[in-house]
Amino acid sequence: MRLRTVKAGPALAVFVAAAVAFSALPAAASTGVRSAGSSAPAGTAALLAAPPTVSVANVNAHLQQLQTFATNNGGNRATGTAGHTATTTYLQQKLQAAGYTVTVQTCTTCSGSAKNIIADWPGGNTSNTYMFGAHSDGVSAGPGINDDGSGTASLLEAALVLAANNPTMTNHVRFGWWAGEEQGLIGSKFYVNSLTTAQKSAIKAYGTFDMIASTNGGYFVTGTDAVAVKLREYFTSISVPTETSTECCSDDGSFRNAGIPASINSTGASYTKTSAQVTKWGGTAGAAYDPCYHKACDTYPSNVNSTSLGRWANAELYSVWTLTTGTATANDFSVSLSSSTGAVNPGSSATTTVATATTSGSAQTVALTSSGAPAGVSVSFSPASVTSGGSSTMTVATTTAAAAGAYTITVTGTGSATHSVSYTLTVNGTGSCTGAGQKLGNPGFETATTPWTATSGVIGANTGDGAPRTGTRDAYLNGYGSAHTDTLSQSVTLPAGCSAYTLSFYLKIGTAETTTTTQYDKLTVKAGTTTLQVFSNLNASGYTLRSYNLAAFAGQTVTLTFTGVEDSGLKTSFVIDDTALTVS
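Okay, so the sequence shown: first residue is 4 according to our numbering, each after it adds one.
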């Protein structure tokens, strides 16, 4: 996994059968596991599909081999080294012996013309291909056992178990191990760029597995594609909660940028675990998910959490098995909301995004409807129907006659099946507006960082491209010309009963990109889980005032988040100053 940790340089940083082989209670810091074949605890959800289980001992045996390759070749498995060549040769030999059709693709843009390993299991409808991947390289600082030996080894063993059981294939499965991830997702980009339009369309979902054995980790499933849906289904069945992650980046980006639904799945890298996550998963609050991230101590077995490693290996095989084997898969989909709550004053409106995903079979048309809206409230969708995998904007509008109160609106998607989600609308009372005024703390960034939370080095007395609009300080995100992510956020409580809630800030965007069509670098502005706007290198300009209506969050505490993501090429900077959240 690649993750930027400091600003002073261009360093690259960035469900199961009734019998489950691992304890269902989260134990993020534990390395003890039940022996294969021990039963799942009472109360776990029974799942229809029953794939075989993956032995964590076999996964660890692959990790031992990767450690040996590093030890015998300068201490690492970085792309272009003998340690990485030994890794790809090992993968090729194991997969070919198991009966896979293996393509050894020379990545001519990678260091040392390194190899991608692509393995196809025979059979299944190749027009419905589900793909699973990991990166086979590490950084030069160490053996790269968690990052990403864990993903490499677990997918290898899942592939071998599939081959050993030789099930009837309905859909097609393909595995990929990528070179050059740590140098900028180079191998996966090379592979995706080699595909024709038809070959890209045939890949219905891609899941990447990057760092799944962090010793202080969690369970992060980040995406809405069919692979992510199955992973969440598995973890629900063993009572392990999951979250989405803000850490970046991995090979899922290469697929997503090509229009292929994709997810990244991990136990976390250098970000720190919160107290709430300790309650969920155990471990140590305030410490990194992986204290050996991109370090020499990322070794086997000391930097491996076998509990999470085993759970993830079985989650991978469950996803492969249920998406690609057995009888013909019925077309099905899921429906979700970007924000499931909204608060408005009478006469105002709120919006949320209705997202759909193809969970099995092929994409289909999904018609969107709603029910449960009270008098004075109307619900509309734009568009009113989508192809599964697409999204629609839902607008909830109220008249001045709408009665104050909380209402549950049911949003229904209808295709070959019917799925519903709930939206809670709060219509505020018409009483006096108390607590009006500017609600953000340190709006011009002139007094240190509090109450903002930001990536190190973002807030400061920036100069040059990052020079402030007024005063001496501002927030300067990105601008390095290497792949990394910057974040800036603040939580704020908005009073109810007021007539206007306006977020504003000045944004300057500078870029060295020359394209006029492609968004290489992006800044996403969110209120809670609602995306307000996405800016990119295509929006380069001097300081420009940006404003947004946040009336939907009246009476709530909402976190405002600015997330800048820059790829590995030419730089783009996003500079923010003179923010305000004005309530009147």
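Glycine included, C-beta positions come from ideal geometry on N, C-alpha and C.
Bear in mind that the values here come from a model prediction, so they are computed numbers and not experimental data.
Using the Cα positions of Thr171 and Gln186, report the straight-line distance between them to the nearest angstrom.
38 Å
For Gly572, tell me which candidate among Asp468, Tyr523, Pro377 and Ala555 has the shortest Cα-Cα distance.
Tyr523
Can you tell me whether Leu28 is buried or exposed? The criterion is at least 16 other CB atoms within 10 Å of its CB, across all chains shown.
Per-residue confidence for Leu28 stands at a pLDDT of 29, beneath the threshold of 50, marking its modelled position as unreliable; no derived number is given.
Distance, Val495 Cα to Tyr321 Cα
41 Å
Per the contact definition of three or more C-beta pairs closer than 8 Å, is the stretch 398 to 410 in contact with the stretch 543 to 552?
no
What residue range does the beta strand (DSSP E) around Val414 cover?
Gly408 to Thr417
Give a yes or no on whether the C-beta atoms belonging to Gly115 and Ala137 are separated by under 9 Å.
no
Using the Cα positions of Leu98 and Ala358, report the straight-line distance between them to the nearest angstrom.
37 Å
Near the ligand ATP: Gln559 beta-carbon under 8 Å from a heavy atom
For the ligand ATP, the structure offers nothing, since it holds no ligand at all.
Between which two residues does the beta strand (DSSP E) harbouring Lys1 extend?
Because the chain is modelled from 4 through 587, residue 1 falls outside the range shown and cannot be assessed.
Just curious, the alpha helix (DSSP H) that Leu326 is in, first and last residue?
Ser309 to Thr327
If you run the structure through DSSP and keep just helix, strand and coil, what is Asp151?
helix
Around the Cβ of Ser130, are there at least 16 other Cβ atoms within 10 angstroms (buried) or fewer (exposed)?
exposed
Could you round the C-beta distance between Phe448 and Leu526 to whole angstroms and report it? I think they count as a contact, below 8 Å.
Wrong, their Cβ atoms sit about 16 Å apart, outside the cutoff.
DSSP three-state assignment for Asn334, whether helix, strand or coil
coil
Backbone CA spacing between Cys251 and Ala583 [nearest angstrom]
28 Å
Take Gly183 as the anchor and find which of Ala208, Arg80, Asp468 and Thr354 has the nearest alpha-carbon.
Arg80
For Ala31, does the three-state DSSP call read helix, strand or coil?
With a pLDDT of 33 at Ala31, under the threshold of 50, the predicted position of this residue should be treated as unreliable, and no value is reported.
With three or more beta-carbon pairs closer than 8 Å as the criterion, would you say the stretch 334 to 349 touches the stretch 420 to 430?
yes
Beta-bridge pairing of Met214 - partner residues as DSSP gives them
Answer is none; Met214 lacks a bridge partner.
So, helix, strand or coil for Leu66, using DSSP?
helix
Using the Cβ count rule (16 or more neighbours within 10 Å means buried), how would you classify Pro125?
exposed
Take Asp489 as the anchor and find which of Ala370, Tyr274 and Gly364 has the nearest alpha-carbon.
Tyr274
On the CB-based measure, 16 or more other CB atoms within 10 Å of its CB, does Asn196 come out buried or exposed?
exposed
Quick one, are the C-beta atoms of Ile412 and Asp477 less than 9 Å apart?
no
If we count Cβ pairs, one from each stretch, closer than 8 Å, do we get three or more for the stretch 221 to 229 versus the stretch 157 to 165?
no
To which residues of the same chain is Arg472 closer than 6 Å at the C-beta, ignoring the five residues directly before and after it?
Tyr509, Tyr546, Asp580 and Asp581
For Arg235, which of helix, strand or coil comes out of DSSP?
helix
What are the start and end residues of the alpha helix (DSSP H) that includes Leu497?
Run containing Leu497: none; DSSP gives neither H nor E here.
Measure the CB-CB distance between Asn149 and Asp293 and report whether it falls below 9 Å.
yes
In its own chain, which residues sit with a C-beta less than 6 Å from the C-beta of Leu506, not counting the 5 before and 5 after it?
Tyr551, Leu553 and Leu584
Could you round the C-beta distance between Phe258 and Tyr209 to whole angstroms and report it? I think they count as a contact, below 8 Å.
4 Å
Specify the secondary structure class of Thr268 as computed by DSSP and reduced to three states.
In the sequence under discussion, the amino acid at residue 268 is Asn, which differs from the Thr named in the question. The answer is strand: DSSP assigns Asn268 an E or B state.
Cβ-Cβ distance between Gln108 and Phe193 below 9 Å
yes
I'd like to check one pair, Ala156 with Leu66: are the Cβ atoms closer than 9 Å?
yes
Burial state of Thr277 (16 or more Cβ within 10 Å):
exposed
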